[in-house]
Amino acid sequence: MPDGNAVANETFVVQMKSITKVYPNGVAANQGVDFNLRKGEIHALMGENGAGKSTLMKMLFGLEQPTSGEIIVNGEKLELTSPSVAIAHGIGMVHQHFMLVPSLSVAENMVLGMVPKKSGLFIDRAKAIEITRQYSEKFNLHVEPEAKVMDIPVGMKQKVEILKALVRGAKILIMDEPTAVLTSQETAELFVELKHLKDEGYTIVFISHKLNEIMEITDRLTIMRNGRSMGVYNTREVTKEQISRLMVGRDVVLSVQKDRAVPGDTVLRVRDLEYVNEWGKKMLDKVSFDVRKGEILGIAGVEGNGQKELVDMLFNFNVPNSGAATVNGTSILGLPQQKIRELGVSLVPEDRMLYGIAAGASIEENVISDRASDKRLNNGPLFNMKAIHEESDRLIREFTVLCKSRSQHVGMLSGGNIQKVVVAREFSNNPALILADQPTRGIDVGATEFIRKKLVELSRSGIAVLLVSADLNEVMELSDSLIVMHNGRIAAYFDDTSGLTDEIMGEYMLGLKQQSDAEVRRVCHD
Amino acid sequence: MTKKRQLRFTIIRSLVAILIALLVATILIFISSAGATFAEKLDATREALKQMLAGPVFRFSKKNGTAFEAKRLADILAAMIPTTFTGLSVCIMFSANQFNLGAEGGIMLGAFVSAMAAIYLPLPAWLHPVAAVLLGGIAVAVTMLLPALLKTKLNVSEMVCSLMLNYIIMYVIKFLMNTYLADKTRGQIMSYPFKETSAIAPIVDNAVFSGAKLSWGFVIAIVAVILCGLFMYRSRWGYAIRMIGINQDFAKYSGMKVGMIIVLSQVLGGFLAGAGGGIEMLGRYTSFSWSALPGYGWTGITIAILAGNNPYMVPFAAFFMAYLSKGCDLMATYAKVPAQLIDIVQGVIFLFFAAEQFLSGYRQKLVVKSAEEEIKLAKARKEGVTNA
Numbered sequence: 075m076p077d078g079n080a081v082a083n084e085t086f087v088v089q090m091k092s093i094t095k096v097y098p099n100g101v102a103a104n105q106g107v108d109f110n111l112r113k114g115e116i117h118a119l120m121g122e123n124g125a126g127k128s129t130l131m132k133m134l135f136g137l138e139q140p141t142s143g144e145i146i147v148n149g150e151k152l153e154l155t156s157p158s159v160a161i162a163h164g165i166g167m168v169h170q171h172f173m174l175v176p177s178l179s180v181a182e183n184m185v186l187g188m189v190p191k192k193s194g195l196f197i198d199r200a201k202a203i204e205i206t207r208q209y210s211e212k213f214n215l216h217v218e219p220e221a222k223v224m225d226i227p228v229g230m231k232q233k234v235e236i237l238k239a240l241v242r243g244a245k246i247l248i249m250d251e252p253t254a255v256l257t258s259q260e261t262a263e264l265f266v267e268l269k270h271l272k273d274e275g276y277t278i279v280f281i282s283h284k285l286n287e288i289m290e291i292t293d294r295l296t297i298m299r300n301g302r303s304m305g306v307y308n309t310r311e312v313t314k315e316q317i318s319r320l321m322v323g324r325d326v327v328l329s330v331q332k333d334r335a336v337p338g339d340t341v342l343r344v345r346d347l348e349y350v351n352e353w354g355k356k357m358l359d360k361v362s363f364d365v366r367k368g369e370i371l372g373i374a375g376v377e378g379n380g381q382k383e384l385v386d387m388l389f390n391f392n393v394p395n396s397g398a399a400t401v402n403g404t405s406i407l408g409l410p411q412q413k414i415r416e417l418g419v420s421l422v423p424e425d426r427m428l429y430g431i432a433a434g435a436s437i438e439e440n441v442i443s444d445r446a447s448d449k450r451l452n453n454g455p456l457f458n459m460k461a462i463h464e465e466s467d468r469l470i471r472e473f474t475v476l477c478k479s480r481s482q483h484v485g486m487l488s489g490g491n492i493q494k495v496v497v498a499r500e501f502s503n504n505p506a507l508i509l510a511d512q513p514t515r516g517i518d519v520g521a522t523e524f525i526r527k528k529l530v531e532l533s534r535s536g537i538a539v540l541l542v543s544a545d546l547n548e549v550m551e552l553s554d555s556l557i558v559m560h561n562g563r564i565a566a567y568f569d570d571t572s573g574l575t576d577e578i579m580g581e582y583m584l585g586l587k588q589q590s591d592a593e594v595r596r597v598c599h600d
Numbered sequence: 429m430t431k432k433r434q435l436r437f438t439i440i441r442s443l444v445a446i447l448i449a450l451l452v453a454t455i456l457i458f459i460s461s462a463g464a465t466f467a468e469k470l471d472a473t474r475e476a477l478k479q480m481l482a483g484p485v486f487r488f489s490k491k492n493g494t495a496f497e498a499k500r501l502a503d504i505l506a507a508m509i510p511t512t513f514t515g516l517s518v519c520i521m522f523s524a525n526q527f528n529l530g531a532e533g534g535i536m537l538g539a540f541v542s543a544m545a546a547i548y549l550p551l552p553a554w555l556h557p558v559a560a561v562l563l564g565g566i567a568v569a570v571t572m573l574l575p576a577l578l579k580t581k582l583n584v585s586e587m588v589c590s591l592m593l594n595y596i597i598m599y600v601i602k603f604l605m606n607t608y609l610a611d612k613t614r615g616q617i618m619s620y621p622f623k624e625t626s627a628i629a630p631i632v633d634n635a636v637f638s639g640a641k642l643s644w645g646f647v648i649a650i651v652a653v654i655l656c657g658l659f660m661y662r663s664r665w666g667y668a669i670r671m672i673g674i675n676q677d678f679a680k681y682s683g684m685k686v687g688m689i690i691v692l693s694q695v696l697g698g699f700l701a702g703a704g705g706g707i708e709m710l711g712r713y714t715s716f717s718w719s720a721l722p723g724y725g726w727t728g729i730t731i732a733i734l735a736g737n738n739p740y741m742v743p744f745a746a747f748f749m750a751y752l753s754k755g756c757d758l759m760a761t762y763a764k765v766p767a768q769l770i771d772i773v774q775g776v777i778f779l780f781f782a783a784e785q786f787l788s789g790y791r792q793k794l795v796v797k798s799a800e801e802e803i804k805l806a807k808a809r810k811e812g813v814t815n816a
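So the sequence lines, in the order shown, correspond to chains H and G. Counting in the working numbering, the first sequence runs from 75 upward without gaps. Counting in the working numbering, the second sequence runs from 429 upward without gaps.
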């Protein structure tokens, strides 16, 4: 049970005291978080995406500075102004996305920034290779010093990252979702190595939301939710169910009024989609479902369980290995985006800055991007500027985009207003099906409420809506029926969301439970 | 930031870049100027600067004092013709984020094809130059399919491909000239004379400008600027080109035919460069004698960058470059300063424009100001709502 500072005078290698971090855009990523590390432990930092784990660790590694609170390492209060300060105090980080130079060899990557020199001028390659060998053997982390990083497998890249930290004298290793990119064999291998490091007296922070791994390898765990710490526990003393309840829960409930759905004909039909990604990992495993006119089908799940891949397939940013997807009977797999849009499919993309907008263009240029060739907006070869101005002014008004004028650059707006520009376009082109992928992530409460209301309103007017969201609150409030994805599979289908609790959802989201095939198959309304 | 503020920033940045470049030039002139003492050197520098800055449109003589010189101005306007076309060409290609450097070879190929049409096609007077220039443009447009299709189909770098293409074009033309097309009765490698029907007439009688060759090509160039401006800012294709240049993923997601538009931008850029070559050739020369790349394409890149890829700004940038070039020529002639200095001035200007971070502190201030105003606006609206 809550262990906290069980022994008052216990010595910690790291103490982070009431850390608060507010980003310049106003997001409070951490609020009064306490985090302690004992020497020689493997400590899990758990929480959903956006819970504030990464922010907390970025501050420990000097990538970000806390707004308030203090960090004490080995009894010394520190101002960690940059990663080099953190490294000097024995803190190393293994990033989820490797920070390696692909065209250089393993040995060269190892010594980057601390290159051994020959006669003070030339790079001593032999020495670099020797250093790599020496550390590789000492820590039992096998790498090939002379191979180019781009030629080695992912598992080995990770070892290079770990060794890089160790060479720089790290005694505390922060590992950001280290198993996310690994196969199960590589994961098993990594765990052996981590236990070995622990025996040598190293302290490891293990960021993850995979319950089984946490139970297997960690000594203690800290759970975060919505920027706050939900407590520190000894791994042996908690159950998976308890963790799941602490991790996945709802704080604020914004309720949206909605009438009962009256579903019509099937609009989107997805059958047996399968996709194996470039590292050979199965991201979609026989995914089948239907979305009908006038209903919102929600897809819940911890991020990285195939939701992104699914949406990519439905808008042809990727092609599945097998399976089918049709909109009103027409296959959409592999179809150019223009044709998909002609079928009445709209997408509110997950990454709004990458796909949703052109930041360097005006609001007007952004809201007409899907209809620039419309007869309505053109006069022969030239644009009908009057019609375009009217259209954009109308959308700005209807979607309450806060701006000075239609000619303002979209990149200068706040996150919520940027998302309003995206939905203004996607909701106003007479869609038959709206794919809403994380439609309210990271935006302010006002914009969130506005977008949710619009989604409900549109679905009640007869539009089919597929809502993908990692926000439990959102997906449970808005959906008429919902499916839960875990490990690329549909773990559960609920045709009615009213009786659902966070506990039930959590168990399916974290893979503790799985409905039978027959139960899941009910989502196909053949 | 609003467009107005953005424009203000662009203009201020351009002026500061030019000012710094001139300052650097002044220092270099001072160093390289003739004179034994400091005062003499200073005098020489002043004289050189006078020639460079005012010389292009004024003549200084001890007898008649300073007088406006129409011929020199006409020379500058004439020099703008080919670079306006290459500038427009580069504008359109760079707007789509396609770093095609083929305007250089393009203008030479266009000039060559138009020249051949001028020599060998029997056509009536009004039709002949039109057909010759169009042929030149089309030839280059077709040639630009090569880097464009290689880019869209095989993801070959259009930059490398078009750069190398310039030299292929140059050597093929040289080969054809040397082997088949040269007029053997002349003392140097040059083609047979163009048919008289093919000439693009001068705007005003030559006598007034005492030999300046300002042809109707200048008017065509200005018309081309307006057409390109309309195309880029008032048509769906120009819009697609700009959106692809800003964010290609966004354009694809929005349902634009990205591959087709990328090809279109380069074909159109090729056409402009080729037509520019034809107009230059028929408006200024009577036979084809280019034996090397003319350099107009490279100047076109500088102009496009100075103009911020905005077609409407191209003639101003072209005028600036032509003025500077003329000034440096005069400086070399009358003030004994090496003409190579213009390359250095160009280089410095280029440097400051290409450096995105230049004056970014000032830009940041403008951004912050915009943001503050936005917040104020939001507050005002909210209060308005609660009051109501």
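Just so you know, even glycine gets a beta-carbon here, dropped at the ideal spot from N, CA and C. Model, not experiment: these values are computed from the prediction.
Proximity below 8 Å, CB of G/Met741 to CB of G/Ala735: Here residue 741 of chain G refers to the residue found at position 313 of the second sequence. Here residue 735 of chain G refers to the residue found at position 307 of the second sequence. Yes, these two residues count as a Cβ contact at 8 Å.
Closest by CA to H/Leu507, which one among H/Ser447, H/Ala565, H/Val365? One-based indexing of the first sequence puts residue 507 of chain H at position 433. Per the Cα distances, H/Val365.
Taking a Cβ distance cut-off of 8 Å, strictly less, list which residues of the stretch 672 to 705 of chain G are near chain H, in chain order. The stretch 672 to 705 of chain G vs chain H, Cβ under 8 Å: Ile674, Asn675, Asp677, Phe678, Ala679, Lys680, Tyr681, Ser682, Gly683, Met684, Lys685.
Taking the continuous beta strand (DSSP E) assigned at H/Tyr429, which residues delimit it? In the first sequence, counting from the first residue as 1, residue 429 of chain H sits at position 355. No beta strand (DSSP E) contains H/Tyr429, which DSSP labels as neither H nor E.
Unbroken beta strand (DSSP E) run spanning H/Asn308, endpoints: Residue mapping note: residue 308 of chain H aligns to position 234 of the first sequence, counting from 1. Element bounds for H/Asn308: 302 to 308.
Going by the beta-carbon positions, is the gap between G/Ala649 and G/Met508 smaller than 8 Å? Working through the second sequence from its first residue, we reach residue 649 of chain G at position 221. Working through the second sequence from its first residue, we reach residue 508 of chain G at position 80. Closer than 8 Å, so yes.
Measure from the C-beta of G/Arg662 to each C-beta in chain H and report whether the shortest distance is under 8 Å. For the purposes of this step, residue 662 of chain G is identified with residue 234 of the second sequence, where counting begins at 1. It does; some Cβ of chain H falls within 8 Å.
Identify which residue in H/Asn452, H/Pro505, H/Tyr429, H/Val530 has its Cα closest to the Cα of H/Ile492. Numbered from 1 along the first sequence, position 418 holds the residue referred to as residue 492 of chain H. Of the candidates H/Asn452, H/Pro505, H/Tyr429, H/Val530, the one whose C-alpha sits nearest the C-alpha of H/Ile492 is H/Tyr429.
Select from G/Ile731, G/Glu586, G/Leu700 the residue whose C-alpha is nearest the C-alpha of G/Leu655. Here the question's residue 655 of chain G lines up with position 227 in the second sequence. Among G/Ile731, G/Glu586, G/Leu700, the Cα nearest to that of G/Leu655 is on G/Leu700.
Length of the line joining the Cα atoms of G/Ser682 and H/Val168: In the second sequence, the residue the question calls residue 682 of chain G occupies position 254. In the first sequence, the residue the question calls residue 168 of chain H occupies position 94. Cα to Cα, the separation comes out at about 37 Å.
So, with DSSP's three-state summary, where would you put H/Asn379? Working through the first sequence from its first residue, we reach residue 379 of chain H at position 305. H/Asn379: coil per DSSP, three-state reduction.
Answer yes if the stretch 382 to 400 of chain H comes into contact with the stretch 573 to 588 of chain H, meaning at least three C-beta pairs across the two stretches below 8 Å, and no otherwise. At 8 Å Cβ cutoff, the stretches do not touch.
Per DSSP, which one or two residues make a beta bridge with H/Ser405? Along the first sequence, one-based indexing puts residue 405 of chain H at 331. In DSSP, H/Ser405 forms a bridge with H/Thr400.
Partner residues on chain G for H/Arg415, Cβ-Cβ distance less than 9 Å: For the purposes of this step, residue 415 of chain H is taken as residue 341 along the first sequence, with counting starting at 1. Going along chain G in sequence order, the residues near H/Arg415 (Cβ under 9 Å) are Ser682, Gly683.
With a threshold of 8 Å, are at least 3 pairs of Cβ atoms found where one atom belongs to the stretch 706 to 723 of chain G and the other to the stretch 472 to 492 of chain G? no
For a contact meaning CB atoms closer than 7 Å, what does G/Leu658 contact in chain H? Position 230 of the second sequence holds residue 658 of chain G. Those within 7 Å of G/Leu658 in chain H are Leu456.
Is there at least one Cβ from chain G nearer than 8 Å to H/Pro505's Cβ? What you label residue 505 of chain H is simply residue 431 of the first sequence in a count that begins at 1. With 8 Å as the cut-off, H/Pro505 does not count as an interface residue toward chain G.
Going by C-alpha distance, which of H/Ala446, H/Ile437, H/Gly375, H/Lys460 is nearest H/Ile470? Position 396 of the first sequence holds residue 470 of chain H. Ranking H/Ala446, H/Ile437, H/Gly375, H/Lys460 by Cα distance to H/Ile470 puts H/Ile437 first.
With 8 Å as the limit, tell me which residues of the stretch 423 to 436 of chain H have their beta carbon closer than that to any beta carbon of chain G; keep them in chain order. Pro423, Leu428, Tyr429, Gly430, Ile431, Ala432, Ala433, Gly434, Ala435, Ser436
What does a CB cutoff of less than 6 Å around H/Glu138 pick up in its chain, not counting 5 residues either side in sequence? As a first step, residue 138 of chain H is located in the first sequence; it is residue number 64 there, counting from the start. Taken in chain order, the residues that qualify are Lys132.
Listed in chain order, which residues of the stretch 726 to 759 of chain G have Cβ atoms closer than 8 Å to some Cβ of chain H? Cβ contacts with chain H come from no residue of the stretch 726 to 759 of chain G.
Tell me whether H/Arg207 is buried or exposed, calling it buried when 16 or more other Cβ atoms sit within 10 Å of its Cβ. Here residue 207 of chain H refers to the residue found at position 133 when the first sequence is read from its first residue. Within a 10 Å sphere around the beta-carbon of H/Arg207 sit fewer than 16 other beta-carbons, which makes this residue exposed.
Taking H/Asp293 and H/Thr277 to be in contact with their CB atoms under 8 Å, please state how far apart those CB atoms are, rounded to whole angstroms. As a first step, residue 293 of chain H is located in the first sequence; it is residue number 219 there, counting from the start. As a first step, residue 277 of chain H is located in the first sequence; it is residue number 203 there, counting from the start. About 10 Å separates the CB atoms of H/Asp293 and H/Thr277; that is not less than 8 Å, and the two are not in contact.
Closest Cα partner of H/Leu161 within the set H/Asp333, H/Ile246, H/Val475, H/His560: As a position in the first sequence, residue 161 of chain H is number 87, starting the count at 1. Here the sequence assigns Ile to residue 161 of chain H, which means Leu is not the residue at that position. It is H/Ile246.
Length of the line joining the Cα atoms of H/Asp108 and G/Ser663: Working through the first sequence from its first residue, we reach residue 108 of chain H at position 34. Working through the second sequence from its first residue, we reach residue 663 of chain G at position 235. Distance between the alpha carbons of H/Asp108 and G/Ser663: 57 Å.
My output table needs one value for H/Ser493: the three-state DSSP class, helix, strand or coil. Indexing the first sequence from 1 puts residue 493 of chain H at position 419. One point to set straight first is that residue 493 of chain H is Gln, not Ser, in the sequence displayed. H/Gln493 carries a helical assignment under DSSP once its states are collapsed to helix, strand and coil.
Chain G contacts made by the stretch 502 to 533 of chain H, where a contact means CB separation under 9 Å: none
Three-way DSSP call (helix, strand, coil) for H/Phe265 in this model: The residue given as residue 265 of chain H occupies position 191 in the first sequence. DSSP places H/Phe265 in helix when its eight states are reduced to three.
Considering only residues of the stretch 555 to 639 of chain G, which uninterrupted alpha helix (DSSP H) runs meet the minimum length of 4 residues and lie entirely inside it, listed in chain order? 555 to 571, 573 to 582, 586 to 604
Based on DSSP bridge pairs, tell me the residues matched to H/Thr296. Counting from one through the first sequence, the residue named residue 296 of chain H turns up at place 222. Beta-bridge pairing links H/Thr296 to H/Leu119, H/Val306.
Using a beta-carbon distance below 8 Å, is G/Ala668 in contact with chain H? Here the question's residue 668 of chain G lines up with position 240 in the second sequence. For G/Ala668, the answer is yes, since a Cβ of chain H falls inside 8 Å of its Cβ.
Given that H/Met459 touches chain G, what residues does it touch there, using C-beta distances under 8 Å? If you number the first sequence from 1, residue 459 of chain H lands on position 385. Correct list: Arg662.
Endpoints, the beta strand (DSSP E) within which H/Lys233 is located: For the purposes of this step, residue 233 of chain H is taken as the residue at position 159 of the first sequence. Counting along the chain, H/Lys233 falls outside any beta strand (DSSP E), though it belongs to the alpha helix (DSSP H) covering 228 to 241.
Hey, quick one: how far does the alpha helix (DSSP H) through G/Tyr681 stretch, first residue to last? Within the second sequence, residue 681 of chain G is the residue found at index 253, counting from 1. From DSSP, the alpha helix (DSSP H) with G/Tyr681 extends over 676 to 681.
Nonlocal neighbours in the same chain, by C-beta distance under 8 Å from G/Ser717, ignoring five residues either side: Position 289 of the second sequence, counted from the start, is the residue given in the question as residue 717 of chain G. Closer than 8 Å at the Cβ level, and outside the excluded window around G/Ser717, lie Gln616, Ile617, Met618, Ser619.
Mind listing, in chain order, the continuous alpha helix (DSSP H) runs of no fewer than 4 residues lying wholly within the stretch 322 to 357 of chain H? none
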